[in-house]
Amino acid sequence: KQEVTQIPAALSVPEGENLVLNCSFTDSAIYNLQWFRQDPGKGLTSLLLIQSSQREQTSGRLNASLDKSSGRSTLYIAASQPGDSATYLCAVRPLETSGSRLTFGEGTQLTVNP
Amino acid sequence: GAGVSQSPRYKVAKRGQDVALRCDPISGHVSLFWYQQALGQGPEFLTYFQNEAQLDKSGLPSDRFFAERPEGSVSTLKIQRTQQEDSAVYLCASSLVVAGGSYEQYFGPGTRLTVT
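Line by line, the protein sequences give chains L and U. Sequence positions in the first sequence follow the numbering used here and run 2 to 115. Sequence positions in the second sequence follow the numbering used here and run 1498 to 1613.
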């Protein structure tokens, strides 16, 4: 059974700092990995999706890397801003049919202080 | 529509009541998923549809939970005889099915269910 772990569970940083969020998964047979952002009381916003054949994806100040063989992904946020405060979730999709479920980690709650 | 929509956004039910939660997926999305998110946890899979067919319901926690998608578009998640442990946010997601595609899932805002 796939298990996804995110470290740290919570993180508080001053504005402007670069930071790294970690995600690990136990079964490397994945199709892709997604990073999501969740604001309080809101749904999930997809940030980056990395296919299993890719090593990284970038969008603006965000960069996500994937090391499938070691079961790890990182989300790098450059020059953090107070508006980045949210819970960040990673999720993996198994290497199966098109309808497969996502398995999520429990998230990292990020607070960026002005 | 532009995205996945869910209704109601908030639902308070007394223990023992039945509730129905609605999901409108993105137009043309074949796959539809329901997830349950308890406070402080990541979402957990409940069930999956491809068009009107429910292909995986292994995540439904009990036989009080029932989901349908009769015409392959709108889906309803029904919970009978609600219990306090059913209190959670229920998220719906949809995705395209294109061979070789990313199968990226797009999520709705969720329905927050509180059972008192």
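From the three backbone atoms N, C-alpha and C, an ideal C-beta is built for every residue, glycine too. None of these values were measured; they are calculated from a predicted model.
Of all the options U/ALA1535, U/LEU1588, U/THR1544, U/GLN1547, which has the alpha carbon lying nearest to the alpha carbon of U/PRO1505?
Residue U/LEU1588 is the option with its Cα nearest to U/PRO1505.
Alpha carbon to alpha carbon, how far is L/THR59 from U/ARG1519?
Roughly 34 Å between the two C-alpha positions.
On a CA-only basis, which of U/ALA1510, U/LYS1511, U/TYR1507, U/PRO1522 is nearest U/GLY1500? Give me that one, please.
Ranked by Cα distance from U/GLY1500, the options U/ALA1510, U/LYS1511, U/TYR1507, U/PRO1522 are led by U/PRO1522.
Where the beta strand (DSSP E) containing U/ASP1583 begins and where it ends:
Segment: none, U/ASP1583 is in no beta strand (DSSP E) and carries neither H nor E.
Establish whether the CB of U/ASP1515 and some CB of chain L are separated by less than 8 Å.
Interface annotation, U/ASP1515: not in contact with chain L, CB-CB separation never under 8 Å.
Could you say which of L/SER70, L/ASP28, L/THR109 lies nearest to L/VAL21 if we only look at CA atoms?
It is L/THR109.
Any chain U beta carbon closer than 8 Å to L/LEU49:
No, because no Cβ of chain U sits closer than 8 Å to the Cβ of L/LEU49.
Reduced DSSP category for U/ASP1521 - H, G, I as helix; E, B as strand; rest coil:
Residue state, collapsed to three classes: strand.
Hey, U/LYS1508 and U/THR1608: beta-carbon distance below 8 Å or not?
It is a contact, given that the beta carbons lie within the stated cut-off.
Partner residues on chain L for U/LEU1588, Cβ-Cβ distance less than 9 Å:
For the C-beta of U/LEU1588, the chain L residues within less than 9 Å are, from N- to C-terminus, GLY44, LEU45.
From U/GLU1601, U/PRO1540, U/ARG1566, U/ASP1583, pick the residue whose C-alpha is nearest to that of U/ASP1560; which is it?
Of the residues U/GLU1601, U/PRO1540, U/ARG1566, U/ASP1583, the one whose Cα lies closest to the Cα of U/ASP1560 is U/ASP1583.
Give a yes or no on whether the C-beta atoms belonging to L/GLN7 and L/GLU107 are separated by under 8 Å.
Yes, they are a contact pair.
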